[in-house]
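S.K.:
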Amino acid sequence: MKLRHAQPTVWEGLFAEEVAELWEPWMRVVDELLEDEALLDTVYDAQGKRHGLSRVRGRQQTPAEVALRMLILKHVRNWSYETLEREVRANVVYRSFCRVGMEKVPDAKTLVRLGQVIGAETIAELHDRIVALAQEQGVVQGRKMRVDTTVVETNIHYPTDSGLLNDGARILTRTMKKIAGKAGGLKRKVRDRTRSVSKRVIAIAQAVRHKGMDGELKRQREYRQLLRLTRQILNDSRRVQLEVEALPARRRRGVQGLGKRLEAMADQVRRVVRQTKVRVFGGMTQFPDKLLSLFEAHTEIIRKGKASKPNEFGNVVELQEAENQIITHYEVFEKRSSDQHLLLPAIAAHRRKLGRVPGWVAADAGFYSRANEEGATAMGVKYVSIPNRKTRSEQRRRWEKQRWFKRAQAWRTGCEGRISVIKRRHGVARCRYHGIQGMRRWLGLGVIADNLINIGRYLSPQNG
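Quick note: the sequence shown uses this note's numbering, first residue 736, plus one each step.
(1) Which residues mark the beginning and the end of the beta strand (DSSP E) in which Gln-955 is found?
(2) Quick one: using the 10 Å Cβ neighbour count with 16 as the cut-off for buried, is Asn-1046 buried or exposed?
(3) For Thr-797, I'd like the list of residues in its chain whose CB is within less than 7 Å of its CB, leaving aside the five on either flank, ordered along the chain.
(4) Where Gly-1101 and Gln-1075 are concerned, what is the direct C-alpha to C-alpha distance, given to the nearest angstrom?
(5) Can you list, in chain order, the residues of its chain whose CB lies under 8 Å from that of Lys-1012, leaving out five sequence neighbours each side?
(6) Can you have a look at Phe-1016 and say buried or exposed, based on whether 16 or more other CB atoms are within 10 angstroms of its CB?
(7) Between the C-alpha atoms of Ala-1001 and Arg-935, what's the straight-line distance to the nearest angstrom?
(8) Looking only at its own chain, which residues have a Cβ that is under 6 Å from the Cβ of Ile-906, when we skip the five neighbours before and after it?
(9) So, under 8 Å CB-CB, Ile-853 and Leu-806 are touching, yes? Tell me the CB distance rounded to an integer number of Å.
(10) From Arg-1176 to Gly-1094, what distance separates their C-alpha atoms?
(11) Give me whichever residues DSSP pairs with Met-805 in a beta bridge.
(12) Would you say the stretch 1030-1038 touches the stretch 1112-1126, given that touching needs at least three Cβ pairs under 8 Å?
(13) Which same chain residues end up closer than 8 Å to Ala-867 when comparing Cβ atoms and leaving out the 5 residues on each side of it in sequence?
(14) Is Asn-813 helix, strand or coil by DSSP?
(15) Return the residue from the list Gln-991, Met-837, Val-975 and Arg-881 that minimises the CA-CA distance to Val-1092.
(16) With three or more C-beta pairs closer than 8 Å as the rule, is the stretch 912-930 touching the stretch 1061-1074?
(17) Span of the alpha helix (DSSP H) holding Phe-1140?
(18) Taking the straight line between their C-alpha atoms, what separation do you get for Arg-1009 and Ala-1084?
(19) Thr-965 and Ala-904 - do their beta-carbons sit closer together than 9 Å?
(20) With the cut-off set at 9 Å, would you say Val-827 and Val-764 are in Cβ contact?
(21) At what residue ranges does the stretch 1072-1140 contain a whole run of the beta strand (DSSP E), taking only runs of 3 or more?
(22) The alpha helix (DSSP H) spanning Asp-780 covers which residue range?
(23) Pull up the distance between the alpha-carbon of Glu-1035 and that of Asp-971, whole angstroms please.
(24) From the DSSP secondary-structure annotation, give me the bridge partner or partners of Gly-1049.
(25) With burial defined as no fewer than 16 other Cβ atoms inside 10 Å of the residue's Cβ, what is the status of Lys-879: buried or exposed?
(26) Thinking Asp-883 and Leu-1054 are a contact (beta carbons under 8 Å), I'd like their distance in whole angstroms, please.
(27) Assuming the contact rule is C-beta atoms closer than 8 Å, Leu-803 and Leu-819 should be a hit. Round their C-beta distance to whole Å, please.
(28) Bridge partners for Lys-1222 per DSSP, in chain order?
(29) Do the CB positions of Tyr-1065 and His-862 come within less than 9 Å of each other?
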């Protein structure tokens, strides 16, 4: 393992000077910022934890500096790993910015593994350090704070009970076949029922088009057939699990991972069976802990009151900013919480990261409560600008018509724009990484990318 590539040759140095003229203005500032030793040490330590002997054995890993810069460039441009590899390989500006030089560019598979090694906790540390560097450079002072929540969608298809049962049948059958192949055969051949399941799913979709009692009875009849097939597949999976447990130790070791995966997926499919019965035959749509995806089990149904998208499937995230559009804190919530419960922890996070309580705090009406206003004032906030839409008090209306209150609310609307930018420019609208930790990585890297662009633009000599 190493922090950087070897020192460039004289020719590479001269070539880099010529290429530097092609850099975007913000890239020059960010290039200097990413030379910070604390940032590189954080990535280096994360790479060292990949395996107990990563530091002393095996082939050389991608240098920490290259890994950090390529990961940031990926999210700045909102590229896939394959596009990142191709663009850096072909573009001398990106080669120079990523400190690859004339060395070999890591391939997409290597970059995927590096991205997983640099986990959510490491990315949070990198973000905190970048915010601290922004404060040292005078980009952010911490005098003001605005906070808002939004939804980051998970990368799933629209959830339906029949679709989830179809996914479960396909995954269980595929996993059982893999176990049979690796174990050298099972006592009974794995029966593939996926074709029958697909026919039932199509029949359910066609039955939904028929209105009235006849269509409902036909839909329920097809669901009974689908649930019967699913139970048969679950019984097969249980039989395969028992056979795996009875295998000799040497053969069992080869399929242990697949066996655990089969057991976990079978448990999830049983959850889908239960919620399908309750909804289709019991008419209960508000099922607690409803499973919306077999692949992204943390997904929630979120209603934000949008006319164009009444239901969103993902997780609520919180973003809070200080001056110059710098996002100082972000958080992903596994379970949705009311915005009212987030304001005081947000102020505490601001104080922890920037060393001071903001003088101004602005948020939308969802964050309002009398306890929040009093709590923020008790923490040392001088101006708390949160509108109360639920009162008709004339005194409250006069309070909200004060000039400072209106100015703070006008500044608060910039948070909506920041959310729009990171969703559109950095792809934060839909998470492409797996699991709740993957979502934390996705959001954190999107926030870091946006912060670096804003820091670079603020400190660029062209904006001087």
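Built from N, CA and C at the ideal position, the CB exists for glycine as well.
M.R.: On the basis of the data shown:
(1) Walking along the sequence shown from the start, residue 955 turns up at place 220. For Gln-955, there is no enclosing beta strand (DSSP E); the residue is found in the alpha helix (DSSP H) stretching over 947-981.
(2) Taking the sequence shown and counting its residues from 1, one reaches residue 1046 at position 311. Exposed, by the Cβ-count rule.
(3) One-based indexing of the sequence shown puts residue 797 at position 62. Hits under 7 Å: Pro-841, Thr-845 and Leu-849.
(4) Looking up residue 1101 in the sequence shown gives position 366. Looking up residue 1075 in the sequence shown gives position 340. Rounded to the nearest angstrom, the two C-alpha atoms are 6 Å apart.
(5) Position 277 of the sequence shown, counted from the start, is the residue given in the question as residue 1012. Closer than 8 Å at Cβ, skipping near neighbours: Leu-962.
(6) In the sequence shown, residue 1016 corresponds to position 281, counting from 1. With fewer than 16 Cβ atoms within 10 Å of its Cβ, Phe-1016 is classed as exposed.
(7) The sequence position of residue 1001 within the sequence shown is 266, counting from 1. The sequence position of residue 935 within the sequence shown is 200, counting from 1. If you take the alpha carbons of Ala-1001 and Arg-935, they lie about 20 Å apart.
(8) Counting from 1 along the sequence shown, the entry for residue 906 is found at position 171. So the qualifying residues of the chain are Met-1000.
(9) Position 118 of the sequence shown, counting from 1, holds the residue named residue 853. Position 71 of the sequence shown, counting from 1, holds the residue named residue 806. The pair is a contact, with the Cβ atoms about 7 Å apart (cut-off 8 Å).
(10) The residue labelled residue 1176 in the question sits at position 441 within the sequence shown. The residue labelled residue 1094 in the question sits at position 359 within the sequence shown. When only Cα atoms are considered, Arg-1176 and Gly-1094 end up about 31 Å apart.
(11) On the sequence shown, position 70 is the one that residue 805 refers to. Per DSSP, none; premise fails for Met-805.
(12) Cβ pair count under 8 Å is below three, so no.
(13) What you label residue 867 is simply residue 132 of the sequence shown in a count that begins at 1. If we look at Ala-867 and ignore the five residues flanking it on each side, its Cβ neighbours are Lys-1088.
(14) Working through the sequence shown from its first residue, we reach residue 813 at position 78. Assignment of Asn-813 by DSSP, reduced to helix, strand and coil, places it in the coil class.
(15) For the purposes of this step, residue 1092 is identified with residue 357 of the sequence shown, where counting begins at 1. Ranking Gln-991, Met-837, Val-975 and Arg-881 by Cα distance to Val-1092 puts Arg-881 first.
(16) no
(17) Here residue 1140 is taken as the residue at index 405 of the sequence shown, counted from 1. Its alpha helix (DSSP H) spans residues 1138-1147.
(18) Working through the sequence shown from its first residue, we reach residue 1009 at position 274. Working through the sequence shown from its first residue, we reach residue 1084 at position 349. Rounded to the nearest whole angstrom, the CA to CA distance from Arg-1009 to Ala-1084 is 41 Å.
(19) As a first step, residue 904 is located in the sequence shown; it is residue number 169 there, counting from the start. As a first step, residue 965 is located in the sequence shown; it is residue number 230 there, counting from the start. Contact: yes.
(20) Residue mapping note: residue 827 aligns to position 92 of the sequence shown, counting from 1. Residue mapping note: residue 764 aligns to position 29 of the sequence shown, counting from 1. Val-827 places its beta carbon 9 Å or farther from that of Val-764.
(21) 1095-1097 and 1118-1120
(22) Stepping through the sequence shown from its first residue, residue 780 is reached at position 45. Run containing Asp-780: 772-783, per the alpha helix (DSSP H) assignment.
(23) Reading the sequence shown from its first residue, position 300 is the one you call residue 1035. Reading the sequence shown from its first residue, position 236 is the one you call residue 971. Looking at the two C-alpha atoms, the distance is approximately 30 Å.
(24) As a position in the sequence shown, residue 1049 is number 314, starting the count at 1. Note: Gly-1049 sits in a beta bridge opposite Glu-888 and Glu-1035.
(25) Along the sequence shown, one-based indexing puts residue 879 at 144. Buried, since its Cβ has 16 or more Cβ neighbours within 10 Å.
(26) Here the question's residue 883 lines up with position 148 in the sequence shown. Here the question's residue 1054 lines up with position 319 in the sequence shown. Their Cβ separation, rounded to whole angstroms, is 6 Å, which keeps Asp-883 and Leu-1054 in contact under 8 Å.
(27) Counted from its first residue, the sequence shown places residue 803 at position 68. Counted from its first residue, the sequence shown places residue 819 at position 84. That pair is no contact at about 13 Å.
(28) A query on residue 1222 cannot be resolved here, the shown segment of the chain reaching from 736 to 1199 and no further.
(29) For this step, residue 1065 is matched to residue 330 along the sequence shown. For this step, residue 862 is matched to residue 127 along the sequence shown. Against a cut-off of 9 Å, the Cβ pair of His-862 and Tyr-1065 comes out as a contact.
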